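Inspection log for the structure reproduced underneath, given as structure tokens.
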Amino acid sequence: MIHSLFLVNASGDIFLEKHWKSVVSRSVCDYFFEALERATEPENVPPVISTPHHYLINVLRHRIYFVAVIQSEVPPLFVIEFLHRVVDTFQDYFGVCTEAAIKDNVVVVYELLEEMLDNGFPLATESNILKELIKPPTILRTVVNTITGSTNVGEQLPTGQLSVVPWRRTGVKYTNNEAYFDVIEEIDAIIDKSGSTITAEIQGVIDACVKLTGMPDLTLSFMNPRLLDDVSFHPCVRFKRWEAERILSFIPPDGNFRLLSYHVSSQNLVAIPVYVKHNISFREGSSQGRFELTLGPKQTMGKAVESVLVSSQLPRGVLNANLNPSQGTYTFDPVTKLLSWDVGKINPQKLPSLKGSMSLQAGASKPDENPTINIQLKIQQLAISGLKVNRLDMYGEKYKPFKGIKYMTKAGKFQVRT
Amino acid sequence: MEWASQLCENRGLGSKMTDSKYFTTTKKGEIFELKAELNSDKKEKKKEAVKKVIASMTVGKDVSALFPDVVNCMQTDNLELKKLVYLYLMNYAKSQPDMAIMAVNTFVKDCEDPNPLIRALAVRTMGCIRVDKITEYLCEPLRKCLKDEDPYVRKTAAVCVAKLHDINAQLVEDQGFLDTLKDLISDSNPMVVANAVAALSEIAESHPNSNLLDLNPQTINKLLTALNECTEWGQIFILDCLANYMPRDDRESQSICERVTPRLSHANSAVVLSAVKVLMKFMEMLPKDLDYYGTLLKKLAPPLVTLLSAEPELQYVALRNINLIVQKRPEILKHEMKVFFVKYNDPIYVKLEKLDIMIRLASQANIAQVLAELKEYATEVDVDFVRKAVRAIGRCAIKVEQSAERCVSTLLDLIQTKVNYVVQEAIVVIKDIFRKYPNKYESVIATLCENLDSLDEPEARAAMIWIVGEYAERIDNADELLESFLEGFHDESTQVQLQLLTAIVKLFLKKPTETQELVQQVLSLATQDSDNPDLRDRGYIYWRLLSTDPVAAKEVVLAEKPLISEETDLIEPTLLEELICHIGTLASVYHKPPSAFVEGSRGVQHKRIPARAGSGESAESSDVGQSGPSEAPPAVIPSQGDLLGDLLNLDLAPPTATVPSVQPSMQMGAMDLLGGGLDSLMGDDSDTPGGRTEVQSPQPSSDYRERELGGDIGGSPSMGAGLGAAPAAMPASLGAAPAVGGGLGDLFDLGGGVGMPTGSYVAPKTVWLLAMKGKGLEISGTFARRGGIIQMDLTLTNKAMSVMTDFAIQFNRNSFGLAPAGPLQVLTPLSPNQTIDVSLPLSTSGPVMKMEPLNNLQVAVKNNIDVFYFSCQYPLSLLFVEDGKMDRQVFLATWKDIPNENEAHFQIKDIHLNSDVASNKLQGSNIFTIAKRTVEGQDMLYQSVKLTNGIWVLAEMRIQTGNPNYTLSIRCRAPEVCQFVYLCYELVLKN
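Read top to bottom, the protein sequences are chains A and R. Counting from 1, one number per residue, gives the positions in the first sequence under UniProt numbering. Counting from 1, one number per residue, gives the positions in the second sequence under UniProt numbering.
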């Protein structure tokens, strides 16, 4: 199981270590540092590194490497999932997951890690159980603790720990009972030079924020549940009911949680919300290149496309770019060669464009590589797959909760090749 | 100094209310200060001090000197303080064992605390104190906690047993904790069950033979119930444990699959992958025509695709596993090619894995799409990735024959880009394409030659030189081209030098008149000016060969080379099977069997996919199946490189080895055998002993190229044989060696020398026709195969009172078309009481009809008295033909190609032969050993047999030193023959 954990910051220093079994010398991280040095980009460090006596499994989150040390055969996904859980927990507790936040709360961090893993076996990873065991730090509580000498460690056995619904604590009380669901879809797509779609898929999630008193039992039904043939559920969802009736039935955790994530891959269901017209060309023997880019809405179901951000890694030979945006602002970083254009909202009547010239190093040959254009965007009030929630019902409690559903579409990895 | 500490103070003040203040004390007397604070009367101060100590500990400062002071704080009713002290204890108890004893009492007391949280905490911490002296005090509290009324305590105690086992295994066994742990599998609380399983699995890892996780249908049922209710982590433990179970039959297998399938929708990817493992393993047992089988296949694709939309690290692990899954069951993902298309900002490790899977999924149906993508990737920024993409195009050409032309034209397009590294990669892969499809795409050579000057990498130069040498007769200025390389001969790498030497010799043999000077130049460069032994030796061999017998030289150097195939980068089938059983583990990420790399693997169990029930020899196979993973011996078909290594062993030890002894194809056989092997010796030996290292590198995918180059350095592989046989003779017999003698002679004698080691076994005659039934004629007989001819040896005895004449014989139709090849030669009449022996040659061209049993033969013998009928059974070895030695490449491909359900397992008992003797013996009966490999004291022989009707039978025989029982696995497209082949093995080995 998981032996030890080292946290390494962007400059390659170990700033925290935790051992769940015997102590492993931090020199084991040298192998990690070697791999880090070899990697051209911080993201390119291989996730699994073997050393003579250990295996190092690492994830990079918020510019911190979480390096787990294992000694025997352990499923690597288990380790990676656990590390993700650690990151989520830190973020949950401290608002952000940064080196400073971790150092500021090092004792809580230590207590958390101790509580999450016992001898390398996961112990309590559910956020609501952890919060009962170890109270998240707040300024108020710290002040109170200092004055009264009380602690931020719970004295009670967390109730959820052993119940059949370990994700929910008992005795939840709210004056305003509310349940919000966000249907968020991300489009991943590769569009080729000519504008035709090579691959397109939708990664969707339904995130919930449920603040309901007692033990509510919810059901959520969809207008078109057939869209969902590839889904992953929160453990609270009753799988059998879904299989039989295509209805989500569950006792929700308290607070924020991800109810389900789904994947729509059949291409005819994936609408492509924008098109890009581009002309990025270099002429042999000339030190100038042309750059022209125009964006337009495609299949948006009549909704506005907002927060559009276009970025592209221009070839290394490009010295500078002199461009003229019809709207928004653009920046070009001559060191990283990253061009980014903050477009904002697309007005279908007046399509945004970015035109101008690029200068190359004098005498350099025509660049070999074709830059890829990366697009981010948002469409409010639309789930691009067409998924719609039909109704939400609550059983088991008497009060009338306030219910809300929001839809949103974003671009995930949306790439246009040139 | 002064101002620095001041600064620290200030910072401490500035960041008040946060823990970072604990980091700022860097003063010299820090420890003393903390000591004072720890002993303070004020509770608050004490707690703050402990916090500071912990903070120092987390950043790796040594605060062990404070041990007694911290332990003094332990007896408190403040839970947080207690926890902090426990944290400290766990870290430092080991270094202060005497002091740690002080803590024992508190532990014992806390284990009785009314608050289950405290009881659990105590039992948890106890187990983390890795001090022998203390451990024994902890047994009693642990025993109580294992039976605690509160499941939270029980589940914590279960893990504690694993901890204790790690410290003192004997103690745990003596105290009976293992049994208590086993009982917990039946606990009413799913979390307790999950933890008990996890603890047992961890303990079992260090006790490979103990029957800790004794899985039977009852426990399986309990685990499946707990699976639905426990935490995600518990689900992983339980699924991994389930994967070790061998279901009794396909129905049980199906019911487990049905209950595991919902896990595919879990949000935790590790749960999903563990579920995939269970399903992949158990579906092997399901009959393929079952509807459920198809349903299950369909259900597997979406979760795998979903894993690819997760974070890159998860994707990486998923991709490594998908790589195995598409090799085992390509049908699952064959329509999902597009999800493996590379996004430009994927991390490089994800890109490379996706590329590999794209090639594996490439087929005629999708090749156009794949090529368009690969061409796109060839213009990316990352040089490594571009190179891999270009190589991938070559691999596609080799894999999908119909696409070869398109691939070549894509490669030519890429060469036109003139991007240096793209051109070099393209030339390397084009060489492979030439090897696969000789004489098809030579028209492109001119284009390649244009780029000669831009090649600066050894591999590309070597490839280009190979092409020039191989097609010297079609390149007008081949001599000029090679000459230009020769100028800087000594600056080239060995790879290029060797290639250049061979290429020039090839050129000379093709155009002897114009190139004499050139060949002399290169030979003298190689033999006189070089200090590389490989190069020198090869130079000498060519030299002598050319000066003694140019015809032989031509035959050797310009011999036809075996074709390469895409099989080379596939994982061996049995290793693949084992890896499928380890989906989701490190083994699956590294594509190596667990035993190969897990630290201190104290005997990792080899897992096998269960055999499909109800097919062929169900009795035997289920027998093997039942014995389960604990008994199943290592079943790793050697990976490519090893196989080569083994071939090498075979070659170089002719007296004991089993070089094919077939007269007509002897020469061919020897050449073939040496083809790959020796060259890899030449290529690799110089820097890596044994030439096996390449297989152990974590990325095995690139190794086939090296061998390819090795393989084609020859066409002259036999060179090396001479080397192996008589290296000492070399320098002396330089110049004008008198005869082919020495090395070469040995090579060609090889077959003859070893040939016919024992001859095939002939069973003693048995009585086929009793005199009573034959009106006085008694016939006994047997069958033999002699020099490729099948003979029926008959003894006819006349027990009647009158003379018998006019003998004739006829066979009924039979399974393999056996028929008399001539008349029964009984020339003189058979007088009473006279006995005569006749041998009847048989052919296999008679009419065919399937008999029951398969080897049954119905015979009619006629004489002047009557016609008599009898039936007899012949050993199948009669039908094993002399050219039954399969090429090892073909063997691997065929083995993989034959479905698993056609595999039958047998035990051959009480054989006291070592593997060499055994394989020699078998060879006498035309059972050919293609490769031998030794793993963990176990010899594995890979053998092939060909029947007269062209059926191939492949076998893997495992021989454990000291164990008289051999395990035999036989695969054949016609599974009904397996049983009879097995009988032949037994017959041959026992006699």
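Here a beta-carbon is modelled for each residue, glycine too, at the ideal position from N, C-alpha and C. Here the structure is a predicted model, which means the values were calculated and not measured.
Discussion item. Need the endpoints of the alpha helix (DSSP H) that residue 359 of chain A sits in, please.
Written reply: Per DSSP, residue 359 of chain A belongs to no alpha helix (DSSP H); it is in the beta strand (DSSP E), 353-360.
Fill in: Length of the line joining the Cα atoms of residue 64 of chain A and residue 100 of chain A
11 angstroms
Worksheet item: From residue 49 of chain A to residue 348 of chain A, what does the alpha carbon distance come to, in whole angstroms?
Response: 50 angstroms
Worksheet entry | Cβ neighbour criterion (16 or more within 10 Å) applied to residue 315 of chain R | buried
Discussion item. Buried or exposed, going by whether 16 or more other CB atoms sit within 10 Å of the CB of residue 27 of chain A?
Written reply: exposed
Practice prompt. Could I get the ranges of all uninterrupted alpha helix (DSSP H) runs contained in the stretch 90-154 of chain R, with 4 residues as the minimum, in chain order?
Written response: 97-110, 116-128, 132-135, 139-146
Item to complete: Give every residue of the same chain whose Cβ lies closer than 6 angstroms to the Cβ of residue 237 of chain R, excluding the five residues on either side of it in the sequence, and list them in chain order.
Response: 194, 197, 198
Worksheet item: What residues in its chain sit with their C-beta under 7 angstroms from that of residue 424 of chain R, if we drop five residues either side in the sequence?
Response: 455, 457, 460
Discussion item. According to DSSP, simplified to helix, strand and coil, what is residue 765 of chain R?
Written reply: Taken through DSSP and simplified to helix, strand or coil, residue 765 of chain R comes out as coil.
Practice prompt. Tell me, please, whether the CB atom of residue 149 of chain A is closer than 8 angstroms to any CB atom in chain R?
Written response: Low confidence applies here, because residue 149 of chain A scores a pLDDT of 49, under 50, leaving its location unreliable; read the following figure in that light. Closer than 8 angstroms to some Cβ of chain R, the Cβ of residue 149 of chain A qualifies, so yes.
Worksheet item: residue 783 of chain R and residue 772 of chain R: beta carbons closer than 8 angstroms?
Response: no
Fill in: Under 7 angstroms by beta carbon: chain R residues contacting residue 77 of chain A
269, 270, 273, 314, 317, 584
Worksheet item: Can you find a C-beta in chain A that's less than 8 angstroms from the C-beta of residue 145 of chain R?
Response: no
Worksheet item: Is the stretch 81-91 of chain A touching the stretch 9-27 of chain A, taking contact as three or more C-beta pairs under 8 angstroms?
Response: no
Worksheet item: Shorter than 8 angstroms from the beta carbon of residue 699 of chain R to some beta carbon of chain A?
Response: Because the pLDDT of residue 699 of chain R is 37, which lies under 50, any placement of that residue in the model is unreliable, and the number read from its coordinates should be weighed accordingly. So no, residue 699 of chain R is outside the interface.
Worksheet item: Taking Cβ-Cβ distances shorter than 7 angstroms, what residues in chain A pair up with residue 154 of chain R?
Response: Residues of chain A passing the Cβ test: none, with the nearest at roughly 10 angstroms.
Practice prompt. Look at the alpha carbon of residue 323 of chain R and the alpha carbon of residue 338 of chain R, and state the distance between them as a whole number of angstroms.
Written response: 15 angstroms
Item to complete: Kindly give me the distance between the Cβ atoms of residue 939 of chain R and residue 946 of chain R, rounded to whole angstroms, as I take these residues to be in contact under 8 angstroms.
Response: Between residue 946 of chain R and residue 939 of chain R the Cβ distance is about 23 angstroms, and since that is not below 8 angstroms, they are no contact.
Worksheet item: Identify the residues that DSSP records as bridge partners of residue 563 of chain R: which are they?
Response: Answer is none; residue 563 of chain R lacks a bridge partner.
Worksheet item: Can you find a C-beta in chain R that's less than 8 angstroms from the C-beta of residue 291 of chain A?
Response: no
Worksheet item: How far does the beta strand (DSSP E) with residue 870 of chain R in it reach, from first residue to last?
Response: 867-873
Worksheet item: Can you give the Cα-Cα distance for residue 72 of chain A and residue 965 of chain R, rounded to whole angstroms?
Response: Across the structure, residue 72 of chain A and residue 965 of chain R are spaced so that their CA atoms are roughly 33 angstroms apart.
Item to complete: Look at the alpha carbon of residue 247 of chain R and the alpha carbon of residue 277 of chain R, and state the distance between them as a whole number of angstroms.
Response: 15 angstroms
Worksheet item: Per DSSP, which one or two residues make a beta bridge with residue 890 of chain R?
Response: Beta-bridge pairing links residue 890 of chain R to no other residue.
Discussion item. Using the Cβ count rule (16 or more neighbours within 10 Å means buried), how would you classify residue 912 of chain R?
Written reply: exposed
Worksheet item: How long is the line joining the alpha carbons of residue 498 of chain R and residue 483 of chain R, rounded to whole angstroms?
Response: 14 angstroms
Worksheet item: For residue 189 of chain R, which of A:4, A:166, A:362, A:246 has the nearest alpha-carbon?
Response: A:166
Practice prompt. Measure the CB-CB distance between residue 168 of chain A and residue 251 of chain A and report whether it falls below 8 angstroms.
Written response: yes
Discussion item. Among the candidates R:845, R:890, R:55, whose CA atom is the shortest distance from the CA of residue 944 of chain R?
Written reply: R:890
Worksheet item: In terms of DSSP beta bridges, what is residue 408 of chain A paired with?
Response: A:184, A:380
Practice prompt. On a CA-only basis, which of A:206, A:224, A:311, A:317 is nearest residue 414 of chain A? Give me that one, please.
Written response: A:311
Item to complete: Give the residues of chain A in contact with residue 87 of chain R, contact being defined as C-beta atoms less than 7 angstroms apart.
Response: 110, 114
Fill in: Alpha carbon of residue 232 of chain A to alpha carbon of residue 65 of chain R, nearest angstrom
Approximately 51 angstroms between the Cα atoms of the pair.
Item to complete: Can you give me, in chain order, the residues of the stretch 10-37 of chain A that have a beta carbon less than 9 angstroms from any beta carbon in chain R?
Response: 14, 15, 16, 17, 18, 19, 20, 21, 22, 23, 26
Worksheet item: Mind pulling the chain A residues with CB within less than 9 angstroms of residue 128 of chain R?
Response: 20, 21, 118, 119
Worksheet entry | Cβ neighbour criterion (16 or more within 10 Å) applied to residue 358 of chain A | buried
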